[in-house]
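A.B. asks:
Number of protein chains: 2
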Amino acid sequence: MNQRVIVPLPKAFRLLNHGPTVLVSSAHAGRRNVMAAAWSMPLDFDPPKVAVVIDKSTLTRELVEASGEFVLSVPSRQQAALTLAVGTQSGREIDKFSIVGAGGTAASLVGAPLIDGCLAWLECRVIAEPHIQQNYDLFLAEVVAAWADPAVFSNGRWHFPDEQRRSIHYQAGGSFFATGDTFEV
Amino acid sequence: MNQRVIVPLPKAFRLLNHGPTVLVSSAHAGRRNVMAAAWSMPLDFDPPKVAVVIDKSTLTRELVEASGEFVLSVPSRQQAALTLAVGTQSGREIDKFSIVGAGGTAASLVGAPLIDGCLAWLECRVIAEPHIQQNYDLFLAEVVAAWADPAVFSNGRWHFPDEQRRSIHYQAGGSFFATGDTFEV
Numbered sequence: 002m003n004q005r006v007i008v009p010l011p012k013a014f015r016l017l018n019h020g021p022t023v024l025v026s027s028a029h030a031g032r033r034n035v036m037a038a039a040w041s042m043p044l045d046f047d048p049p050k051v052a053v054v055i056d057k058s059t060l061t062r063e064l065v066e067a068s069g070e071f072v073l074s075v076p077s078r079q080q081a082a083l084t085l086a087v088g089t090q091s092g093r094e095i096d097k098f099s100i101v102g103a104g105g106t107a108a109s110l111v112g113a114p115l116i117d118g119c120l121a122w123l124e125c126r127v128i129a130e131p132h133i134q135q136n137y138d139l140f141l142a143e144v145v146a147a148w149a150d151p152a153v154f155s156n157g158r159w160h161f162p163d164e165q166r167r168s169i170h171y172q173a174g175g176s177f178f179a180t181g182d183t184f185e186v
Numbered sequence: 002m003n004q005r006v007i008v009p010l011p012k013a014f015r016l017l018n019h020g021p022t023v024l025v026s027s028a029h030a031g032r033r034n035v036m037a038a039a040w041s042m043p044l045d046f047d048p049p050k051v052a053v054v055i056d057k058s059t060l061t062r063e064l065v066e067a068s069g070e071f072v073l074s075v076p077s078r079q080q081a082a083l084t085l086a087v088g089t090q091s092g093r094e095i096d097k098f099s100i101v102g103a104g105g106t107a108a109s110l111v112g113a114p115l116i117d118g119c120l121a122w123l124e125c126r127v128i129a130e131p132h133i134q135q136n137y138d139l140f141l142a143e144v145v146a147a148w149a150d151p152a153v154f155s156n157g158r159w160h161f162p163d164e165q166r167r168s169i170h171y172q173a174g175g176s177f178f179a180t181g182d183t184f185e186v
């Protein structure tokens with residue numbers, strides 16, 4: 002696993018503020034899974050909360066509902082093919098940890114693992130809202146711990162060092178955008 | 002206003018799929034406003050739905066709750082300073098349409114205006130979910146019409162022609178990322 006330092010919770014929203022594609026990992030009763038999600042966003046600053054869409058058909062949904070926990074990992078451009086693969090195959094058919102290359106690293110407060118090689122990680126506990134989970138596949142969660150690779154995120158800011166270690170934004174059909182230039186106004 | 006063509010509703014989610022900062026415009030009973038939002042995302046494909054966070058303190062919140070409608074406009078890098086300005090000033094104190102340069106263009110199905118010069122526009126009707134509106138400042142809405150500048154989005158895909166006509170992703174303190182390179186895996 003790459004280097005990892007803790008991110009203070011009031012700054013954790015900045016890990017998702019720019020809308021990157023994420024990996025959602027989950028675990029329950031000896032089963033585990035990882036999928037990609039294009040639809041996630043911060044929901045509050047402090048305590049930090051997030052929102053993420055998790056389809057009813059997925060194994061991730063089953064594990065998240067059973068455990069009440071998940072991890073969001075922010076993959077890099079180097080991991081784009083892996084992200085697409087875990088986003089298009091089902092954990093009911095294969096062990097998708099064979100795609101991400103390892104079982105991941107243990108999280109500090111939740112059972113789901115941190116995906117190795119990613120840029121940042123948010124450990125999340127579901128805030129039970131059964132009506133919106135059922136009707137919109139929408140999960141709200143509190144971020145209970147957050148981590149980042151200090152080569153790409155420190156002092157509350159992303160600073161991508163090269164073209165490959167950047168977050169990615171899914172478009173469609175295997176096409177992504179890399180996060181581009183930083184600019185100030 | 003720049004050129005504008007309709008986007009088929011089953012492709013409307015792609016206008017937000019990559020997590021751009023948006024402008025939220027609203028109107029009710031002769032009052033109107035526009036604010037920036039970093040926290041929005043698609044929620045469903047067809048009919049398309051979106052989720053957006055709108056703080057209780059804002060005039061936008063009052064107008065969206067009263068009218069049940071809003072428009073999400075996707076600003077370009079050229080509009081980053083304007084986006085920051087409408088995101089940091091209150092419509093209770095100034096007419097923020099003086100910042101965006103004009104009153105906007107009439108939408109087709111909702112009362113809120115499309116913001117001129119943006120890259121794409123989503124006309125939205127709120128799906129009433131008072132509990133999550135009150136508890137999380139979270140609004141769900143159905144996209145009832147969508148539009149894009151064909152110079153940047155056509156056939157369901159973004160294709161940014163130059164550095165200025167790109168969507169933007171807010172980080173913090175006046176710092177943004179531009180949407181970067183497209184790549185395929």
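Protein sequence lines, in the order shown, are assigned to chains W and D.
Everything in the first sequence is counted per this note's numbering, starting at 2 for the first residue and increasing by one.
Everything in the second sequence is counted per this note's numbering, starting at 2 for the first residue and increasing by one.
All C-beta atoms, glycine included, are put in the ideal place defined by N, C-alpha and C.
On a predicted model such as this, the values are computed, not experimentally measured, just so you know.
1. Can you tell me whether D/N136 sits near the ligand FMN, meaning its C-beta is under 8 Å from at least one heavy atom of the ligand?
2. Taking Cβ to Cβ, would you say W/E124 is nearer than 9 Å to W/F140?
3. For D/F14, which residues in the same chain have their Cβ closer than 6 Å to its Cβ, ignoring the five residues on either side in sequence?
4. Taking beta-carbon pairs under 9 Å, can you tell me which members of the region 18-49 of chain D lie near chain W?
5. Report back the beta-carbon spacing between D/A179 and W/D182 to the nearest angstrom; my notes put them in contact at under 8 Å.
6. Would you mind telling me which residues of chain W sit closer than 8 Å to D/G181, beta carbon to beta carbon, in chain order?
7. Check the Cβ of D/G1 against every Cβ in chain W and list those closer than 8 Å, keeping chain order.
8. Using a Cβ cut-off of 9 Å, pull out every chain D residue sitting near W/E130, in sequence order please.
9. Quick one: what's D/P1 bridged to in DSSP?
10. Checking 9 Å against the spacing of the C-beta atoms, do W/A201 and W/I7 come in under that value?
11. Check whether the Cβ atoms of D/Q172 and W/R167 lie closer than 9 Å to each other.
12. With DSSP as the reference, label W/F98 as helix, strand or coil.
13. W/V30 and W/V72: beta carbons closer than 9 Å?
14. For D/F161, I'd like the list of residues in its chain whose CB is within less than 7 Å of its CB, leaving aside the five on either flank, ordered along the chain.
15. Report the option in D/E185, D/G92, D/P9 and D/K12 whose CA atom is closest to the CA atom of D/V25.
16. What is the DSSP secondary structure of W/E63, reduced to helix, strand or coil?
17. Which first and last residues belong to the alpha helix (DSSP H) in which W/I133 is found?
18. Is the number of C-beta pairs between the region 110-126 of chain W and the region 75-83 of chain W that are closer than 8 Å three or more?
19. Would W/E94 pass as an interface residue toward chain D - the criterion being a Cβ-Cβ separation below 9 Å?
C.D. replies: Quick look at the numbers:
1. For the structure depicted, the ligand FMN is absent and the ligand set is empty, with no information on it obtainable.
2. no
3. P43, F46 and P49
4. N18, H19, G20, P21, T22, A39, W40, S41, M42, P43, L44 and D45
5. 5 Å
6. R167, F178, A179, T180, G181 and D182
7. Residue 1 of chain D falls outside the range modelled here, since chain D spans only 2 to 186, and no answer is possible.
8. What W/E130 touches in chain D: H132, I133, N136 and Y137.
9. There is simply no residue 1 of chain D to check, as chain D begins at 2 and stops at 186 in what is shown.
10. The structure shown does not extend to residue 201 of chain W, since chain W is modelled only from 2 through 186, so no value can be given for it.
11. Taking C-beta atoms as the reference points, D/Q172 and W/R167 fail to come closer than 9 Å.
12. helix
13. A quick correction: the sequence has Ala, not Val, at residue 30 of chain W. No, the pair does not count as a contact, with Cβ atoms beyond the cut-off.
14. Excluding positions up to five away in sequence, the list reads V153, R167 and T180.
15. D/G92
16. helix
17. P131 to Y137
18. yes
19. no
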